[in-house]
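Residue numbers (the numbering used here): 45 to 464. Step one of this worksheet: look at the structure below.
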């Protein structure tokens, strides 16, 4: 699952691998006007996550996204906005099988592409609304397809399958242990699946749903079944979108970078935050002046961290914060996911109470609204160091608030100043 920087290995020993992603569904079961593949999850269309899952694997040479004619421009804008590479968009048919067939034709028929793509040895077929596919299962089905001609991921059945009579009564049930649910991804030797689609009847093209069945029926190819993982599920209903968002938030909440000023009091609070947070997630702690081009900080930005805590003893460190934002933007980190930026103000003044004017609060909120347009979620957090004996308790409270903000990524709370 993302975040990930790319393919971990050389991939299966196959000359060329391509992927076809059918994305032409109407989303009727989801409800609403927007097809599920274009619904936003953490501000980004679901199909973009699936494309990215394929794109980050170096041994997949071409990614064919098949969409309905009315959504071609939408898909083009997604590819452009998120900088997807190796992607070709193809007009889909009126059914799933016809759309997949159109996707395969770009390797064999000039009418479906301005430039005929190199025919792959193996082609992966994967639903555009299954965003959490991992390289490991893709590699397994490709290797199995190379050996057997076809392969597909399967999962145990969760519920017993029954058949009903014409009048709605139980006819019989299937022995659940003998059956499996067919999932995606599936992989085929290209020549086998293309021949199967060329030979299949209009009835199969209009009413069929199982690609492995076509390979068996028309090419006598018995697919190898590969046990898949629990994250291969398909986004079908509205509740699935919420589940997908929860998984993505959890993946984004695994690491935080705590950036502190070089001043002793600030660095000490940064260290205490590091100690409080490290049992819950991976923490990178950096003590640096943001006015300097720190190489360690640059390395963090080139990685896969989407959460930053900046500790300062200034009331409103606008200049330092803007420098941090500039560095984030140059890294392109906010392009794919919303970045959480928590500005922690350490109040070490002798005043009993901390005061901040409405003008400063308004500036914070205005700045946060501007940053939201750049996919950066800015929050404020106050730590008061009036009693050194109570400082650790205050830092622990701050750490709990930081974890809540990182995990929830609630855009409605941007620009708020929370008190630990």
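For each residue, glycine too, the CB sits at the ideal point set by N, CA and C. Being a predicted model, the structure only gives us computed values, none of them experimental.
(request) Identify every run of the alpha helix (DSSP H) within the segment 128-199, keeping only runs that are complete inside it and at least 4 residues long; order them along the chain. (result) Taken in chain order, the whole alpha helix (DSSP H) runs of length 4 or more contained in the segment 128-199 are 140-149 and 179-192.
(message) Residues in the same chain with beta-carbon distance under 8 Å from residue 470, minus the five sequence neighbours each way, listed in chain order, please.
(response) This structure does not reach residue 470, given that the chain is present from 45 up to 464, and the question cannot be answered.
(request) Taking residue 106 as part of the beta strand (DSSP E), name the residues at either end of that continuous run. (result) Its beta strand (DSSP E) spans residues 104-111.
(request) Per DSSP, which residues does residue 424 bridge with? Please list them. (result) Answer is 387 and 461, bridged to residue 424.
(request) Return the CA-CA distance between residue 434 and residue 440, expressed in angstroms with no decimal places. (result) Rounded to whole angstroms, the gap between the alpha carbons of residue 434 and residue 440 is 10 Å.
(message) What does the Cβ neighbour count give for residue 374, buried or exposed, with the cut at 16 atoms within 10 Å?
(response) Around the beta carbon of residue 374, fewer than 16 other beta carbons lie within 10 angstroms, which makes this residue exposed.
(request) Measure the C-alpha to C-alpha separation of residue 323 and residue 351 and round it to an integer number of angstroms. (result) Between residue 323 and residue 351, the C-alpha separation is close to 16 Å.
(request) Assign residue 248 to one of two classes, buried (16 or more other C-beta atoms within 10 Å of its C-beta) or exposed (fewer than that). (result) Result: buried.
(request) Within 10 angstroms of the Cβ of residue 119, are there 16 or more other Cβ atoms? Answer buried if so, exposed if not. (result) Under a 10 Å Cβ-count criterion, residue 119 is classified as buried, with 16 or more other Cβ atoms of the shown protein chains found around its own Cβ.
(request) Name the two residues that bound the continuous beta strand (DSSP E) containing residue 258. (result) Premise fails: residue 258 lies in the alpha helix (DSSP H), 255-263, not in any beta strand (DSSP E).
(request) In the DSSP assignment, find the beta strand (DSSP E) that holds residue 123 and state where it starts and stops. (result) Note, residue 123: premise wrong, no beta strand (DSSP E); alpha helix (DSSP H) at 116-125.
(request) Name the two residues that bound the continuous alpha helix (DSSP H) containing residue 411. (result) 402-416 is the extent of the alpha helix (DSSP H) around residue 411.
(request) Can you give me the start and stop residues for the alpha helix (DSSP H) that residue 286 sits inside? (result) It spans 282-296 - the alpha helix (DSSP H) in which residue 286 sits, taken as one unbroken run.
(message) Please state the DSSP three-state secondary structure of residue 229.
(response) It is a strand residue.
(request) Check whether the Cβ atoms of residue 240 and residue 267 sit closer than 7 Å, and answer yes or no. (result) A distance of 7 Å or more separates the beta carbons of residue 240 and residue 267.
(request) Specify whether the segment 126-137 and the segment 89-106 touch according to this definition: at least 3 beta carbon pairs, one from each stretch, less than 8 Å apart. (result) In this structure the segment 126-137 touches the segment 89-106; the number of beta carbon pairs closer than 8 Å is three or more.
(request) Have a look at the DSSP bridge pairing and note the partners of residue 349. (result) DSSP lists no partner for residue 349.
(message) With three or more C-beta pairs closer than 8 Å as the rule, is the segment 301-313 touching the segment 218-232?
(response) Note that the segment 218-232 does not touch the segment 301-313; fewer than 3 beta-carbon pairs, one per stretch, sit closer than 8 Å.
(message) Give me, in chain order, the residues of the same chain whose beta-carbon lies closer than 6 Å to that of residue 56; leave out the 5 immediate sequence neighbours on both sides.
(response) Counting only Cβ-Cβ distances below 6 Å, and skipping sequence neighbours, we find 183, 186 and 187.
(request) Return the CA-CA distance between residue 330 and residue 132, expressed in angstroms with no decimal places. (result) Residue 132 has its alpha-carbon roughly 42 Å from the corresponding atom of residue 330.
(message) Restricting to Cα atoms, I'd like to know which of 370, 293, 462 and 454 is closest to residue 424.
(response) Among 370, 293, 462 and 454, the Cα nearest to that of residue 424 belongs to 462.
(request) Kindly indicate which three-state DSSP category residue 378 falls into: helix, strand or coil? (result) Helix at residue 378.
(message) Quick check on DSSP: helix, strand or coil for residue 329?
(response) Look at residue 329 here: in three-state DSSP terms it is strand.
(request) Under the assumption that residue 30 contacts residue 276 (Cβ atoms under 8 Å), give the Cβ distance between them as a whole number of angstroms. (result) A question about residue 30 goes unanswered here, because the residues of the chain that appear run from 45 up to 464.
(request) Sort out for me which residues DSSP pairs residue 246 with in a bridge. (result) Per the DSSP secondary-structure output, residue 246 pairs with nothing in a beta bridge.
(request) Under the assumption that residue 105 contacts residue 62 (Cβ atoms under 8 Å), give the Cβ distance between them as a whole number of angstroms. (result) Correct: roughly 6 Å between the Cβ atoms.
(message) Taking the alpha carbon of residue 294 as the reference point, which residue from 84, 448, 64 and 457 has its own alpha carbon closest?
(response) Restricting attention to 84, 448, 64 and 457, the CA atom closest to the CA of residue 294 is found in 448.
(message) Suppose contacts are defined by Cβ-Cβ distances below 7 Å. Is residue 288 in contact with residue 422 by that definition?
(response) Going by beta carbons, residue 288 and residue 422 fall outside the 7 Å limit.
(message) Since residue 426 and residue 309 should fall inside the 8 Å C-beta cutoff, what is the C-beta to C-beta distance between them, to a whole number of angstroms?
(response) The C-beta separation of residue 426 from residue 309 comes to about 15 Å, leaving the pair out of contact by the 8 Å criterion.
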